[in-house]
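Once you know that position 92 of the sequence shown is 108 in the working numbering, the rest is easy, because the numbers rise by one and skip nothing.
Heads up, the beta-carbon is just placed ideally off N, CA and C, and yes, glycines get one too.
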Amino acid sequence: MAILLEIAAFNLDSALLAERSGAMRIELCDNAADGGTTPGPGTLKVARRKIGIPVFPIIRPRGGHFVYSTSECDSMKYDIELCQNLGFPGVVFGALTPQGEVNLPAMQQLMKLCEGMEVTFHRAFDRTVHAEEAIEAIISLGCRRILTSGRVPTADEGMQAIAEWNFTYGSKILFMPGSGVNHTNIISILNTTGCHEIHTAARVLNSNGTYYNQPGMHETPSYTDVSMNEISMLRESIRNL
Numbered sequence: 017m018a019i020l021l022e023i024a025a026f027n028l029d030s031a032l033l034a035e036r037s038g039a040m041r042i043e044l045c046d047n048a049a050d051g052g053t054t055p056g057p058g059t060l061k062v063a064r065r066k067i068g069i070p071v072f073p074i075i076r077p078r079g080g081h082f083v084y085s086t087s088e089c090d091s092m093k094y095d096i097e098l099c100q101n102l103g104f105p106g107v108v109f110g111a112l113t114p115q116g117e118v119n120l121p122a123m124q125q126l127m128k129l130c131e132g133m134e135v136t137f138h139r140a141f142d143r144t145v146h147a148e149e150a151i152e153a154i155i156s157l158g159c160r161r162i163l164t165s166g167r168v169p170t171a172d173e174g175m176q177a178i179a180e181w182n183f184t185y186g187s188k189i190l191f192m193p194g195s196g197v198n199h200t201n202i203i204s205i206l207n208t209t210g211c212h213e214i215h216t217a218a219r220v221l222n223s224n225g226t227y228y229n230q231p232g233m234h235e236t237p238s239y240t241d242v243s244m245n246e247i248s249m250l251r252e253s254i255r256n257l
């Protein structure tokens, strides 16, 4: 089975660059410093019009933990409805209880709005208290895949756990390793886990010095971008798998 390479892009131009560099699907986010939050409506509309490969926007109202208030869940519903109306093929989200369990009532409400779209349960899974119970809950919700590092900081460290989950539950849900994936470890992660989708930001700091920056200002003009070279090497690494 062919390998699908998903790239996390934290702005519109990075998403377009990722597509040109060989990404096969894009997780579209804003706000790299917080690990990715929901893109704005303008970004979503232009991405839907300009990007030819599948784009899955993340639905995350803020950074930090994944325990959301009623107001935050309401905003997530509106964001999902916008993605649905724009015709995105999938979205990425997850919600937990204060006890570290999958928030089934909140997730059920959000899932009702996702008819016809795939749902990726993101790395909120890696913050759950019991992995197997969380997996079974996510399966019961109808999510298509789980993005995970194996409940440790990087997928390279967690690939044995991912392999075990994939062996046990892989007929019911896809597991997509992510976090710390690069061209030097992608093959070992895929071979060990048996997964057929993999996720990375392929990130690089864009600090283009050609733009004027007022001396003495504290804000940095740099931002998180994708590395064309890294994406090309990732594609080359998986070409013969």
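Our two residues, E131 and I155, have alpha carbons roughly 16 Å apart in a direct line. Around the beta carbon of N182, 16 or more other beta carbons sit within 10 angstroms, so the residue counts as buried. If you keep only unbroken alpha helix (DSSP H) runs of at least 4 residues inside the segment 57-117, you get 57-66, 86-102. Here the C-alpha atom of N47 lies approximately 25 Å from the C-alpha atom of I202.
Distance from the CA atom of Y185 to the CA atom of P231, rounded to whole angstroms, is 55 Å. Restricting attention to beta strand (DSSP E) runs no shorter than 3 residues, the segment 138-167 encloses them at 161-164, ordered along the chain. Judged by pairs of C-beta atoms under 8 Å, the segment 23-33 does not touch the segment 78-86, as fewer than three such pairs exist.
Collapsing the DSSP output to three states places A24 in a strand. Rounded to whole angstroms, the gap between the alpha carbons of D142 and S165 is 7 Å.
Excluding five sequence positions before and after I96, the CB atoms of its chain that fall closer than 7 Å to its own CB belong to I75, V107, L126, L129, C130, given in chain order. For A39 and A63, the gap between their C-alpha atoms comes out near 14 Å. Look at P55 here: in three-state DSSP terms it is coil, with no helix or strand label. L60 and Q124 have their C-alpha atoms roughly 24 Å apart. Under the DSSP assignment, E43 falls in the beta strand (DSSP E) whose first and last residues are 41-44. The beta carbon of N198 is closer than 7 Å to those of T216, E246 in its chain, skipping five residues each way along the sequence. Exclusion of the five residues before and after V145 leaves G116 as the residues of its chain whose Cβ lies within less than 6 Å of its Cβ.
Counting only the Cα atoms, Q176 lies some 31 Å from A31. For G194, the secondary structure class from DSSP, reduced to helix, strand or coil, is strand. As computed with DSSP, I214 is found in a beta bridge with L21.
When secondary structure is reduced to three states using DSSP, E35 falls in the helix class. Between C99 and V135 the beta-carbon gap is near 11 Å, outside 8 Å, which marks them as no contact.
Beyond the five residues adjoining it in sequence on each side, P114 comes within less than 6 Å, by CB distance, of V83 in the same chain, given in chain order. In the DSSP assignment, D172 falls within the alpha helix (DSSP H) that extends over 171-185.
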